[in-house]
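K.L.:
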Amino acid sequence: MYLPTSLMTKKCLFLLLVWLVSFRAYSVPKIVFRNNCITQCASCDKGVNPDMATVFELTEHFPTGTTFLWDFGEPAAPGDRKNTATGVHQYCSPGTYTVKVTIQSPVAGTPPLILTEKVIIGQLPSIYLGKDTSEVKKTICLGQELVLNAFQKVGRPSYPIEVLWYPKGQTTDTIKVRESGCYSVKITEPQSGCSAEAKMQIEICGETDPNQVLLKAPPAWYFGSSAGVKFDNPDNPTPTTGRINVPNGVAVMADVTNSIIYYTDGQKVFDRDNNPITYPKDPTALINGDISNSQGVTTIPKTSCKGCQSEYYIFTLKKNTAGENQIYYSIVDMKLNKGKGGLSVINQLLSPVPSSERLLASQGGSGFYWLITQDANSNTIRTFKVSDAGISAPTTTSPSGSTSLTSSAGYTKISTDWSKMAVVIPGPPTNKLDLFDYDASGEGKPTYLTTLNLGASPPTIYGVEYSQDKKVLYVSMQGDGKSIHSQILQFDISKNNADSILASKRVLLDTTAKIGALQIDPVYNTIIFVAIEGSSTLGKITQTNGLLSSTDNLKRAKFEANAVTFPTNVTSQLGLPPSIPSPPTPSSPPSITQSCEGTTFSYKVDKKLCDPLNNDKIVWKIYKTILDPFPTNTGLTVPINPAGTIQYTYEGDVLKYKFKEAGKYVITAAISNVCVKDYLLDAQEFNIQIMEPLSLKDEFNSICKDKATVKLDKLPPQKSLLFEWNTKDKTPDITVPNPGGAYSVVVTDTLTGCSVTKKTQVNFLTNEYLFPKKDYFICMDDQNPQALLQIAGNIRDFTFTWAPSASITSPLNVNYAKINRNGSYQVELKDADGCLTTNSYTVPDKCEPLIFAPSIFTPNGDGKNDTFIPVPKNPSRTQIVNVQIFNRWGEMLFSKQGSNSAELAWDGKFNGRLVPPDTYAWIIQYQSTPENFPEKGVLTQRGAVVVAY
């Protein structure tokens, strides 16, 4: 090491040493870094994103006023943080870079402190296990074996790499699989620590468990002095024993099936069977967590870029030489130790900034989480995004109005729906509680709402938890376990008003015992469990939504002291583990989906049973029943009494059915493909509401009003109906003004999508329309004289009365009258509104002109039928004007005009001689008499007559 000798140099060195001592850095700080790998999920190909950048931290926290200037060994890039204690830079190319930071003290004359560090930015080739990068799922038949090869598509790198498979921890290039579940391979380059992953989700066709390869266990907690509970019955968990002895915070991690994977007190880690999970490079090494912190350990899934969920962060707090908490992380890798798990990373500094005693994990959006901390003696909240790109640099917020933590013991809690956050601020002198809204899916930042002043300390505020519906808050006030009592307080937080919330305060429990954490159960989020220091039991709060101020005692929250009783020498302490979910497995069995077109329901299976295998056959059945509340011994959901309730069976891809009756129905689908035959899906229950007998009259008629009400009849009972008229109205009935017209309505059940369309015609009728001008008559010459008097339009909405009844042969209350005599007739018409109108009909006796002509005559002079004589049917109604006779060549043989039939007779002669026997054409012209139909004029009739001898 170079030792300066000049006086000025010695002075600068002295000032530098004074400065370092001033912030308790008794050794020169170092640069540490994370996220130094370019991966498929963190590369410049995805654009500039600080979440994917390399993060540089200093191992010491510097005083306020210190300035920083980072040089990342290459030109600056968008999104860089160059002038903060935490440096951030996104590298686009692998290689070795020299990173330098210049730190300038706020003390005048102090020389800058310059630190350097070499960082290897690594990048491995992308690997994949399918036929291409998009194939991440394969389906096999039961008993079939599949070989997965890490380097089948991408050649093995020439440089040294390590291969590790999940879930069994194999280190070979290939593995054979026969069970369903997620399989992945991770190849790591040891020098940079960078890796690449690939996964394959294996599904066994017809298997109900998508994670058969995982060992199942009930959710469980471990805490206190060897205490544990298993949530095999969530309402009444069973006691068990663990291997930690910790006064305060603990953490557990569960897999996608909610089975516990491991638990930790921040120093030791144990698997579900109480076996230690250790650091392979030094099995005796401990995680550096300080177990005196109230909430000093938490765990979060280390989401994978392209692999299965197999790694997890454990975040801890370790005190530096000044007694300040600093944040560290370790990594549990369940691929290690042949799939039993190990610590792959241990005690890496995350942030040197002095922190409160609380580490809080939160679910974020899709594929990421949040780590939330609060600075010591401050209201500054730090939020780290934990994603498949790593742990980001923190964002900070100091919510206006919120309270600084001077005593950092106690708990911070986020509701189970990740929408609310509560921060306890213990006294002395005063206990307070800050309430926030929380944005988990956005930036993970809290929004301050209000502060509750809970009075002097002691007792001291410690634990906090939200009710199932998030409208009630429970707070534990911690006594000394002797003379100062502990309490559990209840607050109604449905209104965001401090005075209102404080006024709702009720005491659920008052005890000499020392109460610690409050934690809602990890299964149904309905019961809050209560930690009691040194107790052989665990308390619980039930009916958590029930206010103690309720007049209904059955609905009030209740406390039970002995919810769980532990074995001898096993006790609870002050801490309980929060729940953080693992990323869900992206797999679920097919289900039946319902749609409706018109009034016909359609049912489909929403996907292939064993994708990519086709559903070759689907057999559907409809039952008029409900689901059996008890599954079969194989876990299948079935209908009650299927044999006695079956309604319909159909084979095909889509079931279409028009229900005749509303009610509950159960539908089943049995699928066949190349692997399985008649594989029965879980039965599904549907509450069917039908649109019938909804109706709309075809026609609405009115004769006296200028508005009409058009109303649907026999509406179905469901409340989910939507009405859409062609008038844009949205109601079951509409008012139509004159002149009316054509109207239609579409009625849709918004729950099912079923719809019906109804149409109608609205008419505002006048006498001119109802009684159009028409000349009626009746011919009394007919053997059965008859005439029809008709009213125009439909008979709907009207009543009719005809008179006189003596000559009317039809009913008197219809829109027509059949009469058998000439004369005068009247009709009275009444509409639905009671309006009346009348009309009179005059029907004269008039007959159409008609003639008769013989078809043969014999002009042989025997005095019988010697002439062709046409005659009118009734001479008083018809007059013959002219008769003409023609032979077959069109030659006119006879033509005569006359006023009577005798004058018009033809004697069969032409030019005085009898015509030969033959058929002869005739044309007769005639007309009506003036009393009948003179307007018809002269009429012509043609025919033929045979002359015979």
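By the numbering used here, the letter at position 666 of the sequence shown is numbered 793, and the numbering carries on one by one without gaps. All C-beta atoms in this analysis are idealised placements derived from N, C-alpha and C, irrespective of residue type, glycine included.
Starting from K465, follow the beta strand (DSSP E) in both directions and report where the run begins and ends.
P.N.:
Where K465 is concerned, there is no enclosing beta strand (DSSP E), although the alpha helix (DSSP H) it sits in stretches over L463 to G466.
K.L.:
Provide the residue span of the beta strand (DSSP E) that contains I745, from first to last.
P.N.:
Run containing I745: K744 to Y750, per the beta strand (DSSP E) assignment.
K.L.:
Report, in whole angstroms, the separation of the C-beta atoms of A347 and T698, which I expect to be a contact under 8 Å.
P.N.:
Rounded, the Cβ-Cβ distance is 17 Å, inconsistent with contact.
K.L.:
List the whole-angstrom C-beta distance separating A796 from W747, where the pair is believed to meet the contact cut-off of C-beta under 8 Å.
P.N.:
Right, their Cβ atoms sit about 6 Å apart.
K.L.:
Counting only runs of 4+ residues fully inside the stretch 859-931, write out the alpha helix (DSSP H) ranges in chain order.
P.N.:
Taking only runs of at least 4 residues, the alpha helix (DSSP H) segments lying wholly in the stretch 859-931 are 894-897.
K.L.:
In the DSSP assignment, what are the bridge partners of T229?
P.N.:
L196 and I241, per the DSSP bridge assignment.
K.L.:
Please list, in chain order, all residues of the same chain as V1077 whose beta carbon is under 7 Å from its beta carbon, the five residues on each side excluded.
P.N.:
With the chain covering 128 to 1076 only, the question about residue 1077 has no answer from this structure.
K.L.:
Counting along the chain, where does the beta strand (DSSP E) carrying A325 start and finish?
P.N.:
C321 to I331 is the extent of the beta strand (DSSP E) around A325.
K.L.:
Between which residues of its own chain and G1093 is the CB-CB distance below 7 Å, once the five residues before and five after are set aside?
P.N.:
In this structure the chain extends from 128 to 1076, so residue 1093 is not present and cannot be described.
K.L.:
Tell me whether I158, by its Cβ, gets closer than 7 Å to a heavy atom of the ligand MN.
P.N.:
Here there are no bound small molecules, and the ligand MN is not part of this structure.
K.L.:
Could you tell me whether the stretch 237-256 touches the stretch 511-520, using the rule of 3 or more Cβ pairs below 8 Å?
P.N.:
The answer is no - the stretch 511-520 does not touch the stretch 237-256, with fewer than three Cβ pairs under 8 Å.
K.L.:
Between which two residues does the beta strand (DSSP E) carrying A797 extend?
P.N.:
Counting along the chain, the beta strand (DSSP E) containing A797 begins and ends at G790 to S799.
K.L.:
So L600 and I620 are supposed to be a Cβ contact under 8 Å. How far apart are they, rounded?
P.N.:
The pair is a contact, with the Cβ atoms about 5 Å apart (cut-off 8 Å).
K.L.:
Quick one: which unbroken beta strand (DSSP E) runs of 3-plus residues sit fully inside the stretch 540-615? Chain order, please.
P.N.:
Segments of the beta strand (DSSP E) lying fully in the stretch 540-615: 547-552, 557-565, 573-583, 587-593 and 599-605.
K.L.:
On the CB-based measure, 16 or more other CB atoms within 10 Å of its CB, does F1086 come out buried or exposed?
P.N.:
Nothing about residue 1086 can be reported from this structure: the residues present for the chain run from 128 to 1076 only.
K.L.:
Are the CB atoms of A944 and S951 within a distance shorter than 8 Å?
P.N.:
No; because the gap between Cβ atoms is not below 8 Å, this pair is not in contact.
K.L.:
Under a three-way DSSP split, which group does R1069 fall into?
P.N.:
Strand.
K.L.:
Counting pairs of Cβ atoms below 8 Å between the stretch 814-828 and the stretch 870-885, do you hit three or more?
P.N.:
Yes: at least three Cβ pairs fall under 8 Å.
K.L.:
Nearest by alpha-carbon distance to T277: which of C332, K433 and I267 is it?
P.N.:
Per the sequence shown, residue 277 should be read as Ala rather than Thr. The shortest Cα separation from A277 among C332, K433 and I267 belongs to K433.
K.L.:
Between F358, F495 and V650, which has its C-alpha nearest P428's C-alpha?
P.N.:
For the residues F358, F495 and V650, the minimum Cα distance to P428 belongs to F495.
K.L.:
So T879 and C723 are supposed to be a Cβ contact under 8 Å. How far apart are they, rounded?
P.N.:
Confirmed, about 5 Å.
K.L.:
Measuring CB to CB, does K547 end up less than 8 Å from Y565?
P.N.:
In contact: K547 and Y565 (Cβ atoms closer than 8 Å).
K.L.:
Using CA atoms only, rank isn't needed, just tell me which of I329, Y286, K326 and R305 is closest to E316.
P.N.:
Closest option to E316, Cα to Cα, is Y286.
K.L.:
Does the contact criterion of 3 or more C-beta pairs under 8 Å hold for the stretch 406-422 versus the stretch 431-448?
P.N.:
Touching, yes.
K.L.:
In terms of residue numbering, what span does the beta strand (DSSP E) encompassing G214 cover?
P.N.:
Counting along the chain, the beta strand (DSSP E) containing G214 begins and ends at G214 to H216.
K.L.:
Can you give me the C-alpha to C-alpha distance between L77 and T448, rounded to a whole angstrom?
P.N.:
Any question about residue 77 goes unanswered here, given that the chain covers just 128 to 1076.
K.L.:
In angstroms with no decimal places, state the Cα-to-Cα distance between G673 and I798.
P.N.:
Cα to Cα, G673 sits roughly 46 Å from I798.
K.L.:
Alpha carbons only, please: which of E330, S603, S531 and H612 is nearest the one belonging to G270?
P.N.:
Nearest option by C-alpha distance: E330.
K.L.:
Is the beta carbon of D972 closer than 8 Å to that of N949?
P.N.:
Yes, these two residues count as a Cβ contact at 8 Å.
K.L.:
Please list, in chain order, all residues of the same chain as A919 whose beta carbon is under 8 Å from its beta carbon, the five residues on each side excluded.
P.N.:
Same-chain partners within the cutoff: Y896, L897, F898 and P899.
K.L.:
Among residues of its own chain, excluding the 5 on either side of K1012, which ones have a beta-carbon nearer than 6 Å to its beta-carbon?
P.N.:
In the sequence as presented, Lys is not what sits at residue 1012; that position holds Ile. Here the set comprises L1020, F1021, W1033, Y1047 and W1049.
K.L.:
What first and last residue would you give for the alpha helix (DSSP H) that runs through I628?
P.N.:
Here the alpha helix (DSSP H) through I628 covers A625 to A630.
K.L.:
Can you list the alpha helix (DSSP H) stretches of 4 or more residues lying completely in the stretch 461-500, in chain order?
P.N.:
Within the stretch 461-500, the complete alpha helix (DSSP H) runs of at least 4 residues are 463-466.
K.L.:
If you reduce the DSSP assignment to three classes, tell me which class G802 lands in.
P.N.:
The question names Gly, yet the displayed sequence has Cys at residue 802. It is coil, neither helix nor strand.
K.L.:
Going by CA-CA distance only, name the one from S610, G469 and K598 that's closest to Q617.
P.N.:
The candidate whose alpha carbon is nearest that of Q617 is K598.
K.L.:
Can you tell which of Q646, T653 and L675 has the C-alpha that lies nearest to the C-alpha of R633?
P.N.:
The option with the nearest alpha carbon to R633 is L675.
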